[in-house]
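Peer 1: Questions regarding the structure given below will be posed in turn.
Number of protein chains: 4
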Amino acid sequence: MKRMPKIGMEPIRRRALIDAAINAIGERGALNVTMSDIAGRAGVSTALAHHYFGGKDDLLFATMRHILTQLGNEIRPVMADLSGQNRVRAIIAINLSPEQFRPEIIAAWLAFYVEARRDAALGRLFRIYVRRLHSDLMSGLSGLPRPAAIRTARAIAALIDGLYLRRALGEGVEDSAAAIALVEDYFDMALARGTPNA
Amino acid sequence: MKRMPKIGMEPIRRRALIDAAINAIGERGALNVTMSDIAGRAGVSTALAHHYFGGKDDLLFATMRHILTQLGNEIRPVMADLSGQNRVRAIIAINLSPEQFRPEIIAAWLAFYVEARRDAALGRLFRIYVRRLHSDLMSGLSGLPRPAAIRTARAIAALIDGLYLRRALGEGVEDSAAAIALVEDYFDMALARGTPNA
Amino acid sequence: MKRMPKIGMEPIRRRALIDAAINAIGERGALNVTMSDIAGRAGVSTALAHHYFGGKDDLLFATMRHILTQLGNEIRPVMADLSGQNRVRAIIAINLSPEQFRPEIIAAWLAFYVEARRDAALGRLFRIYVRRLHSDLMSGLSGLPRPAAIRTARAIAALIDGLYLRRALGEGVEDSAAAIALVEDYFDMALARGTPNA
Amino acid sequence: MKRMPKIGMEPIRRRALIDAAINAIGERGALNVTMSDIAGRAGVSTALAHHYFGGKDDLLFATMRHILTQLGNEIRPVMADLSGQNRVRAIIAINLSPEQFRPEIIAAWLAFYVEARRDAALGRLFRIYVRRLHSDLMSGLSGLPRPAAIRTARAIAALIDGLYLRRALGEGVEDSAAAIALVEDYFDMALARGTPNA
DNA sequence: AATGAATGAGCCTTCATTCAT
DNA sequence: AATGAATGAAGGCTCATTCAT
Numbered sequence: 001m002k003r004m005p006k007i008g009m010e011p012i013r014r015r016a017l018i019d020a021a022i023n024a025i026g027e028r029g030a031l032n033v034t035m036s037d038i039a040g041r042a043g044v045s046t047a048l049a050h051h052y053f054g055g056k057d058d059l060l061f062a063t064m065r066h067i068l069t070q071l072g073n074e075i076r077p078v079m080a081d082l083s084g085q086n087r088v089r090a091i092i093a094i095n096l097s098p099e100q101f102r103p104e105i106i107a108a109w110l111a112f113y114v115e116a117r118r119d120a121a122l123g124r125l126f127r128i129y130v131r132r133l134h135s136d137l138m139s140g141l142s143g144l145p146r147p148a149a150i151r152t153a154r155a156i157a158a159l160i161d162g163l164y165l166r167r168a169l170g171e172g173v174e175d176s177a178a179a180i181a182l183v184e185d186y187f188d189m190a191l192a193r194g195t196p197n198a
Numbered sequence: 001m002k003r004m005p006k007i008g009m010e011p012i013r014r015r016a017l018i019d020a021a022i023n024a025i026g027e028r029g030a031l032n033v034t035m036s037d038i039a040g041r042a043g044v045s046t047a048l049a050h051h052y053f054g055g056k057d058d059l060l061f062a063t064m065r066h067i068l069t070q071l072g073n074e075i076r077p078v079m080a081d082l083s084g085q086n087r088v089r090a091i092i093a094i095n096l097s098p099e100q101f102r103p104e105i106i107a108a109w110l111a112f113y114v115e116a117r118r119d120a121a122l123g124r125l126f127r128i129y130v131r132r133l134h135s136d137l138m139s140g141l142s143g144l145p146r147p148a149a150i151r152t153a154r155a156i157a158a159l160i161d162g163l164y165l166r167r168a169l170g171e172g173v174e175d176s177a178a179a180i181a182l183v184e185d186y187f188d189m190a191l192a193r194g195t196p197n198a
Numbered sequence: 001m002k003r004m005p006k007i008g009m010e011p012i013r014r015r016a017l018i019d020a021a022i023n024a025i026g027e028r029g030a031l032n033v034t035m036s037d038i039a040g041r042a043g044v045s046t047a048l049a050h051h052y053f054g055g056k057d058d059l060l061f062a063t064m065r066h067i068l069t070q071l072g073n074e075i076r077p078v079m080a081d082l083s084g085q086n087r088v089r090a091i092i093a094i095n096l097s098p099e100q101f102r103p104e105i106i107a108a109w110l111a112f113y114v115e116a117r118r119d120a121a122l123g124r125l126f127r128i129y130v131r132r133l134h135s136d137l138m139s140g141l142s143g144l145p146r147p148a149a150i151r152t153a154r155a156i157a158a159l160i161d162g163l164y165l166r167r168a169l170g171e172g173v174e175d176s177a178a179a180i181a182l183v184e185d186y187f188d189m190a191l192a193r194g195t196p197n198a
Numbered sequence: 001m002k003r004m005p006k007i008g009m010e011p012i013r014r015r016a017l018i019d020a021a022i023n024a025i026g027e028r029g030a031l032n033v034t035m036s037d038i039a040g041r042a043g044v045s046t047a048l049a050h051h052y053f054g055g056k057d058d059l060l061f062a063t064m065r066h067i068l069t070q071l072g073n074e075i076r077p078v079m080a081d082l083s084g085q086n087r088v089r090a091i092i093a094i095n096l097s098p099e100q101f102r103p104e105i106i107a108a109w110l111a112f113y114v115e116a117r118r119d120a121a122l123g124r125l126f127r128i129y130v131r132r133l134h135s136d137l138m139s140g141l142s143g144l145p146r147p148a149a150i151r152t153a154r155a156i157a158a159l160i161d162g163l164y165l166r167r168a169l170g171e172g173v174e175d176s177a178a179a180i181a182l183v184e185d186y187f188d189m190a191l192a193r194g195t196p197n198a
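Chains as they are written, first to last, in this note's numbering: chain D, 1 to 198; chain A, 1 to 198; chain C, 1 to 198; chain F, 1 to 198.
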């Protein structure tokens with residue numbers, strides 16, 4: 001009864017393998033996970049992982065794309081429903097939400113960041129995300145003069161990443177809320193200076 | 001003429017191997033460099049690398065320690081000669097100096113950051129650096145109320161790391177000078193707010 | 001036609017690898033055989049040997065256990081069907097049978113004996129065998145006073161091992177039959193003295 | 001003051017290296033000792049060990065020869081001063097003396113025994129020893145009929161080796177004295193049977 | 001007399017990947 | 001749809017040995 005090959009298993013297996021990859025990377029802390037490990041966590045053979053993804057690089061690429069897509073899915077309604085500084089605050093909150101602050105997610109981010117320096121496809125993926133974040137922030141900073149807006153968007157993005165990085169070491173800010181507060185504090189200052197009469 | 005073994009080679013070889021490791025990591029972008037690669041760049045056999053360092057992990061550890069030591073050597077005179085906001089500005093400038101902004105150095109930082117999550121010794125090394133940077137910054141922020149000083153120190157540190165991270169992707173700020181300007185800008189705001197009458 | 005993977009290969013490969021290990025040890029004369037050599041004799045890659053056994057030590061351990069198990073399988077019926085001096089004589093005959101006197105088996109015994117001094121697991125394996133042989137012999141010597149029985153059991157065991165050792169050099173007794181005769185001769189004397197009226 | 005190259009160091013170094021080899025083999029339990037280990041124990045560089053012995057095999061060969069020579073030196077006076085069964089008893093006592101029963105000596109014996117199966121020179125060395133022991137024993141057994149003498153000599157030799165072997169495992173007989181008693185017991189029986197009227 | 005420096009060769013082990021079923 | 005079987009390639013590490021000094 002155990003073997004009941006059903007049709008339409010593909011999406012289920014793909015998702016299970018991606019989740020397994022995230023978990024594996026999260027635990028190992030880097031991309032030097034083995035296909036064996038990932039497949040084992042997903043409860044399938046390594047051969048099947050190859051069957052569905054083609055190779056290790058492809059699986060890892062799909063995994064990172066999944067993470068970025070998830071993040072994008074959370075951002076989208078913000079862009080639709082909010083504007084101005086509320087939009088910026090929402091973006092900050094989502095990027096530093098407890099969900100994104102989970103250790104295994106941070107580990108995966110970091111590991112992929114490193115790998116992106118060499119893997120062209122991965123690099124493209126990240127650059128798209130980076131630019132999108134920048135333009136999303138800019139769209140919420142239209143109240144500021146353009147040079148100040150650029151500067152502020154860059155600083156917010158850098159703060160977010162920096163807080164991730166230190167979080168990976170277990171140093172720095174305590175938790176998600178503290179991280180958000182820190183960036184908000186910066187944003188408040190930037191706003192106060194940029195819009196004297198607001 | 002090829003074989004001309006002299007005595008006192010140890011420090012020379014050690015240094016050559018560490019430099020080779022930095023270069024290798026810089027090019028490969030991660031810690032999955034091979035001893036073969038490193039040794040080849042240093043112009044020696046892998047056996048010799050093992051002879052002097054014991055193993056791959058030890059060599060990489062020594063490499064990261066070397067990088068941190070170099071940074072520490074640049075910071076030290078600042079701590080001796082400057083104080084107050086000048087001290088803070090000097091720390092920022094050094095951490096984001098063109099030297100530290102070299103691609104291979106950034107790559108090494110990142111790679112080691114990732115690895116530090118699992119390698120206990122490496123983790124300790126980084127935590128020492130992180131805490132030292134924090135206390136160095138704090139010592140230059142005595143003009144601010146303590147909570148504001150803590151917040152500011154954390155933000156500066158996060159900004160520095162975040163700018164590194166984005167730099168690794170070739171995105172974000174253009175160069176060392178722009179990075180410094182960005183952090184200084186933040187610092188100016190924090191000072192302005194913290195010391196109303198200054 | 002070269003690649004025809006079937007299922008259920010595991011026991012076949014394991015056995016082939018163990019046999020190959022025995023042969024390799026027999027030819028090399030010691031445990032410094034290479035996985036490459038063993039795998040080659042078994043007609044498989046070294047990777048497969050690792051796949052099935054985990055590592056060199058595990059394979060060698062399994063090999064020695066196999067040899068001891070084989071011996072145990074020969075002894076078992078003797079313990080079930082015979083008793084008294086017949087039991088003892090049968091044990092002697094089996095331990096020194098032509099099968100056990102094969103050069104490669106002797107070589108393996110010797111090599112493992114040496115290794116057992118350091119490998120804890122191997123040491124345990126041997127000690128179990130040694131004690132079992134002793135108790136088996138004792139059970140056939142119940143006709144003798146206990147001190148004499150102990151002495152006799154020890155002497156028989158030592159004679160068996162000693163004959164092996166010398167056989168390894170190609171010195172001493174000619175063949176299996178001569179070895180058995182030598183130990184039997186001792187046993188006859190021990191019996192004659194121990195049971196004056198028999 | 002530490003470096004005072006004296007003349008006539010050769011015999012001193014050679015002896016130190018041989019002693020170091022015995023210790024190393026005794027601790028490691030097998031011949032897979034390293035030149036580095038041996039040289040270290042002798043307080044010299046590996047290069048010097050090569051200088052004096054030519055290579056690892058040569059050093060190990062010299063080590064075994066040393067052990068056999070030492071044993072021969074103890075036997076010689078016995079052959080000169082004793083005869084008959086006293087000679088035999090003395091040979092037994094020396095071969096199983098506490099000195100020969102030292103763990104490191106047993107380990108070395110065993111290890112060399114194994115190696116002797118392949119190393120021709122070592123094999124020759126051992127065969128000489130085996131034959132000499134046999135002829136020494138025979139010369140003390142002239143009171144027995146020749147076939148009985150041969151059998152007895154072989155049994156005594158096998159008992160000695162067998163007791164060594166089990167001793168290596170920490171099983172069997174308790175100590176040197178018990179080992180000697182066991183062989184003597186056999187010898188008494190053999191004598192009693194062979195010389196009814198003595 | 002002695003050694004530091006250096007290496008080549010070899011071994012164990014891991015792992016992504018392929019293939020027939 | 002899924003897997004067991006199997007391997008090639010590569011990496012880390014060890015060690016005996018050589019050489020110039």
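We treat Cβ as the ideally placed atom computed from N, Cα and C, and that holds for glycine.
Since the structure is predicted, the reported quantities are computational estimates derived from the model, not experimental observations.
1) From the DSSP output, in three-state form, read off residue 110 of chain F for me.
2) How should residue 140 of chain D be labelled, buried or exposed, when 16 other C-beta atoms within 10 angstroms of its C-beta is the threshold for buried?
3) By Cβ distance below 6 angstroms, which residues in the same chain neighbour residue 190 of chain A in space, the five residues on each side in sequence not counted?
4) What did DSSP end up calling residue 12 of chain C once you bin it into helix, strand or coil?
5) For a contact meaning CB atoms closer than 9 angstroms, what does residue 89 of chain C contact in chain F?
6) Beta-carbon separation of residue 116 of chain F and residue 122 of chain F under 8 angstroms?
7) Pull out every residue of the region 113-128 of chain D whose Cβ sits closer than 9 angstroms to any Cβ of chain A, in chain order.
8) Under 8 angstroms, with one C-beta from each stretch per pair, do the region 16-30 of chain D and the region 59-73 of chain D reach the 3-pair mark?
9) Residues of chain C with CB under 8 angstroms from residue 160 of chain F, in chain order?
10) So with CB distances below 8 angstroms, who are the chain C contacts of residue 32 of chain F?
11) Work out the CA separation of residue 168 of chain D and residue 112 of chain A for me, nearest whole Å.
12) Considering just the uninterrupted stretch of the alpha helix (DSSP H) at residue 172 of chain A, what are its terminal residues?
13) CB residue 173 of chain D to CB residue 163 of chain D, shorter than 8 angstroms?
14) Using a Cβ cut-off of 8 angstroms (strictly closer), state whether residue 138 of chain D contacts chain A.
15) Roughly how many angstroms separate the alpha carbons of residue 135 of chain A and residue 127 of chain A, rounded to a whole number?
16) With burial defined as no fewer than 16 other Cβ atoms inside 10 Å of the residue's Cβ, what is the status of residue 76 of chain D: buried or exposed?
17) Looking at residue 17 of chain F: is its Cβ nearer than 8 angstroms to the Cβ of residue 42 of chain F?
18) Residue 189 of chain C touches chain F at which residues, Cβ-Cβ below 9 angstroms?
19) Do you know offhand how far residue 3 of chain C's Cα is from residue 13 of chain C's?
20) Buried or exposed: which applies to residue 80 of chain C, given that a residue is buried once 16 or more other Cβ atoms fall within 10 Å of its Cβ?
21) Beta carbon of residue 144 of chain D, beta carbon of residue 194 of chain D: below 8 angstroms?
22) Between which residues of its own chain and residue 186 of chain C is the CB-CB distance below 8 angstroms, once the five residues before and five after are set aside?
23) Taking residue 94 of chain F and residue 74 of chain F to be in contact with their CB atoms under 8 angstroms, please state how far apart those CB atoms are, rounded to whole angstroms.
24) Return helix, strand or coil for residue 135 of chain D, following the three-state DSSP convention.
25) Who are the neighbours of residue 173 of chain F on chain C, taking C-beta pairs under 7 angstroms?
26) Answer yes or no: does any C-beta atom of chain C fall closer than 8 angstroms to that of residue 143 of chain F?
27) Below 8 angstroms between beta carbons: does that hold for residue 183 of chain C and residue 137 of chain C?
28) Whose CA, out of C:11, C:52 and C:178, lies closest to the CA of residue 97 of chain C?
29) Could one say the Cβ of residue 72 of chain C lies closer than 8 angstroms to chain F's Cβ atoms, at least one of them?
30) Who are the near neighbours of residue 10 of chain A in its chain, counting only those whose CB is closer than 8 angstroms to its CB and skipping five residues on each side?
31) Can you look up residue 68 of chain C in the DSSP assignment and give me helix, strand or coil?
32) Closer than 8 angstroms by beta-carbon distance: list the chain F residues that pair up with residue 182 of chain C, in chain order.
33) Between residue 86 of chain A and residue 148 of chain A, what straight-line distance do the alpha-carbon atoms span, to the nearest angstrom?
34) Pull up the distance between the alpha-carbon of residue 142 of chain A and that of residue 82 of chain A, whole angstroms please.
35) Throw me the rounded Cβ distance for the residue 207 of chain A and residue 49 of chain A pair, which I believe falls under 8 angstroms.
Peer 2: Considering the structure as presented:
1) helix
2) buried
3) 152
4) helix
5) Within chain F, no residue comes near residue 89 of chain C; the closest Cβ sits about 17 angstroms away, beyond 9 angstroms.
6) yes
7) 113, 114, 115, 116, 117, 118, 119, 123, 126 and 127
8) yes
9) 162
10) 32
11) 12 angstroms
12) Looking at the DSSP string, residue 172 of chain A is not in any alpha helix (DSSP H), and its letter there is neither H nor E.
13) yes
14) no
15) 12 angstroms
16) exposed
17) yes
18) 186, 189, 190, 192 and 193
19) Low local confidence applies: a pLDDT of 44 at residue 3 of chain C is under 50, so the model's placement there is unreliable, and no value is given.
20) exposed
21) yes
22) 155, 156 and 159
23) 5 angstroms
24) helix
25) 154
26) no
27) no
28) C:178
29) no
30) 52
31) helix
32) 151, 154, 155 and 158
33) 18 angstroms
34) 13 angstroms
35) In the structure as shown, chain A begins at 1 and stops at 198. Residue 207 of chain A is therefore absent and cannot be evaluated.
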